[in-house]
Amino acid sequence: MRDEAVSDALLEWYDTHARDMPWRVGPTARKAGVLPDPYAVWMSEVMLQQTTVAAVKEYFQRFTARWPNVTALAAADDGDVMGEWAGLGYYARARNLLKCARVVANDYGGVFPNTRDELLTLPGIGPYTAAAIASIAFDEAATVVDGNVERVMARLFAVETPLPTSKPELTALAERLTPLQRPGCHAQAVMDLGATICSPKSPACGICPVQSPCAARKKGIQAELPRKLPKAAKPTRYGFAYLAQRSDGAWLLERRPDKGLLGGMLGWPGSEWSDAPQETPPFDANWHDIGAEVRHTFTHFHLRLAVRVAAAPDGTNPRTGTFIPPSDFRPSDLPTVMRKAFDLAQSTLNAA
DNA sequence: CAGTCGTGGTA
DNA sequence: TTACCAAGACT
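Yeah, the first sequence ends on 1018 if you go by my numbering, and it's all consecutive.
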């Protein structure tokens, strides 16, 4: 089957099966000439990096309601943006989101550049996101390559070379299929297909719009593709977290440095996370072991966090962190591992 | 350029 | 319970 026939089949399927998402302009409106707001496309694509549609929806709604355009976001307080992002993960995205908004506001007059190459120069916008914004919001025939596209191409053309070695080949195949007409709809069609029918584990080939030209299906190896090189096992690290509350209700918290794990986020003072961490409380006190530990898994290690609590005497001058009054503290501003520690301490104290 | 960087859902 | 995974970017 010709590439054009495959592209046509994908587009026809998209026109009747496109998933409804808050940031999308549906195929009917798109065919009538409507293009989506670049701000909404950018916001959604950054949030969707390594993140499911289900998880993104509410964050997208809250961000766009609170900051309706890139100029408003550029003027936002850093802590407010980090707090609003809390729980979504990969916090460098939030820092880069704000950086990017300020570049667009200050250097581009609040108007997003409309080419893939220019978008690629902005913070937090890499090859995938630049192509996604250019094709979806600006109708440029840029090729989007994400995990879905890689999987669909690997199967459609039976590429048996494992990732990431096969990435250039899969990219070339995806470029070959990208049409000049409605390239953004095509990109979303392939991603929708990968997210629903051409799924990682048990693809629903029986209802696939491109089942007949699929080379992997002909060979019966679709569920085995794309092959991937094995990944290293995750080590377990240990640490201590110190939760201190003053009699006025203020909690001792610290803003983590911008670089590294949970960068820019609020957290409890704590030890290093290692095989054998040292106890490093933020001030001397009778720290109470709550007798339960937080278990949390990051991308490349497991963490077991022992939680210590103490009442901070009035006038306590901690070695690290700042006391934040209850009126300014929302547990929802915390990244998940820190919120787990808070919840655990609360439930333990309530039970006592 | 291989390692770093979150989280919640799922089999 | 564990392992894998999801619309990647940055260093």
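Note that beta-carbon positions come from the ideal geometry of N, C-alpha and C, so glycine has one too.
Computed from a predicted structure; not experimentally measured.
Nearest neighbour of residue i, chosen from the options [CA to CA]
i	options	result
Gln1012	Ile956, Asp743, Pro984	Ile956
Asp674	Pro1001, Val876, Pro948, Pro896	Val876
Thr1002	Leu754, Pro734, Asp669	Leu754
Glu724	Glu750, Ala910, Ala741	Glu750
Val975	Gln944, Leu763, Cys766, Ala1007	Ala1007
Ile990	Gly915, Thr982, Asp980	Gly915
Lys894	Asp773, Pro828, Ala977, Asp686	Pro828
Three-state secondary structure (DSSP) of residue i
i	result
Tyr908	strand
Phe1008	helix
Lys867	coil
Gly872	helix
Gly929	coil
Phe903	Per the sequence presented here, residue 903 reads as Arg, with Phe not at that position. DSSP places Arg903 in strand when its eight states are reduced to three.
Boundaries of the beta strand (DSSP E) in which residue i is found, first to last residue
i	result
His962	954 to 963
Range covered by the alpha helix (DSSP H) that runs through residue i
i	result
Leu859	849 to 862
Phe995	First-last for Phe995: undefined, no H or E at that position.
His968	No alpha helix (DSSP H) contains His968, which is instead part of the beta strand (DSSP E) from 968 to 978.
Trp679	669 to 683
Phe729	719 to 732
Leu919	Looking at the DSSP string, Leu919 is not in any alpha helix (DSSP H); the run it does join, the beta strand (DSSP E), is 917 to 921.
Thr988	Premise fails: Thr988 lies in the beta strand (DSSP E), 988 to 990, not in any alpha helix (DSSP H).
Ala808	Taken as a continuous stretch (DSSP letters only), Ala808 belongs to no alpha helix (DSSP H), as it is neither H nor E.
Pro704	704 to 713
Glu784	782 to 785
Thr837	833 to 843
Cα-Cα separation, residue i to residue j
i	j	result
Ser937	Asp950	14 Å
Met709	Gln716	14 Å
Ser832	Gly813	12 Å
Val700	His852	16 Å
Leu677	Ser940	50 Å
Asp783	Leu1000	35 Å
Gly692	Thr946	54 Å
Gly1020	Ala698	What is shown of the chain runs 667 to 1018, which leaves residue 1020 out entirely.
Ala807	Leu839	14 Å
Test item: CB-CB of residue i and residue j under 9 Å
i	j	result
Ile863	Ile873	yes
His954	Thr902	no
Arg1005	Gly905	no
Val825	Leu891	yes
Pro704	Ile799	yes
Ala742	Ser998	no
Pro869	Ala898	no
Pro779	Asn762	no
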